[in-house]
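Presented below is the structure to which this report refers.
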Amino acid sequence: MLIAQITDLHVGVAGFLAYGRYDTSASLSRCVAHLLRQRPAPELVLATGDLVDAGSEDEYRRLRALLAPLTMPLYVIPGNHDDRDALRRVFRDHTYLGSAGEPARYCVAGHPVRLIGLDTTVAGETGGALDEAQIEWLEAQLAASPREPALVFMHHPPFRTGIARMDAIGLAAASAERLGAVLSRHAHVQLLTCGHVHRTIQVRWHGTVASVCPSTAFQYGLNLDGPGLEPSPHEPPAYQLHCWNGSELVTHTVAADSGA
Ligand SMILES: [Fe+2]
Ligand SMILES: [Fe+2]
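Offset between the sequence shown (1-based) and the numbering used here: plus 1003.
Right, here's the structure in full:
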């Protein structure tokens, strides 16, 4: 089973350039085209938040058009730049996103790997959190299928990346502690994959592998203890492929620069 992950798309309205320089729509289109050339083709695509830049319905309509070439099922979760209810209104047919006002969390079953999406967004905040109800729901999902490999995906990484500026706006420490306790009880979680940091990162975390997928829009240059973050023009838009081979989930990072 081949699972594609795209994250931090930051699609804006027509003419939008992130940091006045990065055409996020064009780079998303490059990633989508690149992903569609993969053989075998990914069975599905996960999009792990910051789908658009400002959370407007206009941006979500633009996002839909840019993702329309995808020939496989797409599952989205919100990030801090998203508005989950505006997302729901434009992605009305994505009924797994649930009801207005509720966290957009869900489980995709029926594949060799069970996919569990969590919603870490907190309205009006850059950092993330998971409420007790979502933690309990995750525990129930994992307990219900202890033999089935699982992949958990969400926007804010729960671990300290070492990038001070990002760790200040990561998942709240109390939520991370509760999440870690759940994961440590369920060895069948093969991967917890996130976005938000616009870099490729991995760590052993509470008995599983936790990681961050690079952005389709722009990467931040590595700046471990500086006060700010600057996009790095030398690091291309990228996505990941998570390949389940029957016993391991192997992750490949794929750059989709203009020459690809
Ligand atoms: Fe982002
Ligand atoms: Fe983010």
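Heads up, the beta-carbon is just placed ideally off N, CA and C, and yes, glycines get one too.
Predicted model only: the values in this text are computed from it and were never measured.
So what does DSSP say about Ala1263, is it helix, strand or coil?
Here residue 1263 refers to the residue found at position 260 of the sequence shown. With a pLDDT of 43 at Ala1263, under the threshold of 50, the modelled position of that residue is not reliable, and the figure given next carries that caveat. Correct three-state label for Ala1263: coil.
Can the beta-carbon of Leu1133 be found closer than 9 Å to that of Leu1174?
As a position in the sequence shown, residue 1133 is number 130, starting the count at 1. As a position in the sequence shown, residue 1174 is number 171, starting the count at 1. Against a cut-off of 9 Å, the Cβ pair of Leu1174 and Leu1133 comes out as a contact.
What did DSSP end up calling Arg1087 once you bin it into helix, strand or coil?
Taking the first residue of the sequence shown as 1, we reach residue 1087 at position 84. The answer is helix: DSSP assigns Arg1087 an H, G or I state.
Count the other C-beta atoms from every protein chain shown that fall within 10 angstroms of the C-beta of Ala1107, then say buried if there are 16 or more, exposed otherwise.
Locating residue 1107 in the sequence shown gives position 104, where the first residue counts as 1. Buried: at least 16 other Cβ atoms inside 10 Å.
Buried or exposed for Glu1151, please, with buried defined as at least 16 other CB atoms from any protein chain shown within 10 angstroms of its CB.
One-based indexing of the sequence shown puts residue 1151 at position 148. Label assigned to Glu1151: exposed.
Please return the same chain residues whose Cβ sits closer than 8 Å to the Cβ of Ala1171, not counting the five positions on each side in sequence.
Counting from 1 along the sequence shown, the entry for residue 1171 is found at position 168. The answer, listed in chain order, is Gly1130.
Mapping the DSSP letters down to three states, classify Arg1040 as helix, strand or coil.
Counting from one through the sequence shown, the residue named residue 1040 turns up at place 37. In the structure shown, Arg1040 sits in coil (DSSP, three-state: anything other than H, G, I, E or B).
Grouping DSSP H, G and I as helix and E and B as strand, with all else coil, what is Cys1034?
Here residue 1034 corresponds to residue number 31 of the sequence shown, with the count starting at 1. Of the three classes helix, strand and coil, the one that applies to Cys1034 here is helix, per DSSP.
Taking only heavy atoms of ligand 1 into account, decide whether any of them is closer than 8 Å to the Cβ of His1199.
For this step, residue 1199 is matched to residue 196 along the sequence shown. His1199 Cβ: within cutoff of ligand 1.
Could you give the distance in angstroms between the alpha-carbon of Ile1138 and the alpha-carbon of Pro1043?
In the sequence shown, counting from the first residue as 1, residue 1138 sits at position 135. In the sequence shown, counting from the first residue as 1, residue 1043 sits at position 40. Between Ile1138 and Pro1043, the C-alpha separation is close to 35 Å.
Checking 9 Å against the spacing of the C-beta atoms, do Leu1090 and Tyr1063 come in under that value?
By one-based count along the sequence shown, residue 1090 stands at place 87. By one-based count along the sequence shown, residue 1063 stands at place 60. Yes. Within cutoff.
Classify Arg1065 as helix, strand or coil using the three-state DSSP reduction.
Residue 1065 sits at position 62 when you count from the first residue of the sequence shown. Note: Arg1065 maps to helix in three-state DSSP.
Hey, would you say Leu1031 sits closer than 9 Å to Leu1077, going by beta carbons?
Counted from its first residue, the sequence shown places residue 1031 at position 28. Counted from its first residue, the sequence shown places residue 1077 at position 74. Contact flag unset, no.
Per DSSP, which one or two residues make a beta bridge with Phe1156?
As a first step, residue 1156 is located in the sequence shown; it is residue number 153 there, counting from the start. Phe1156 is bridged to Gly1120 and Thr1196.
Are the CB atoms of His1219 and Thr1027 nearer to each other than 9 Å?
Against the sequence shown, residue 1219 aligns to sequence position 216. Against the sequence shown, residue 1027 aligns to sequence position 24. A small correction: the amino acid at residue 1219 is Thr; His does not occupy that position in the sequence shown. Cβ atoms of Thr1219 and Thr1027: closer than 9 Å.
Measure the alpha-carbon distance for Leu1118 versus His1191 and round it to whole angstroms.
Locating residue 1118 in the sequence shown gives position 115, where the first residue counts as 1. Locating residue 1191 in the sequence shown gives position 188, where the first residue counts as 1. Cα to Cα, the separation comes out at about 12 Å.
Do you know offhand how far Leu1054's Cα is from Val1257's?
The count along the sequence shown starts at 1 and reaches residue 1054 at position 51. The count along the sequence shown starts at 1 and reaches residue 1257 at position 254. Their Cα atoms are separated by approximately 19 Å.
His1245 bridges to which residues according to DSSP?
The residue labelled residue 1245 in the question sits at position 242 within the sequence shown. His1245 is bridged to Ile1006 and Thr1254.
Just to confirm, is the Cβ distance from Leu1195 to Pro1161 under 9 Å?
Position 192 of the sequence shown, counting from 1, holds the residue named residue 1195. Position 158 of the sequence shown, counting from 1, holds the residue named residue 1161. Yes; because the gap between Cβ atoms is below 9 Å, this pair is in contact.
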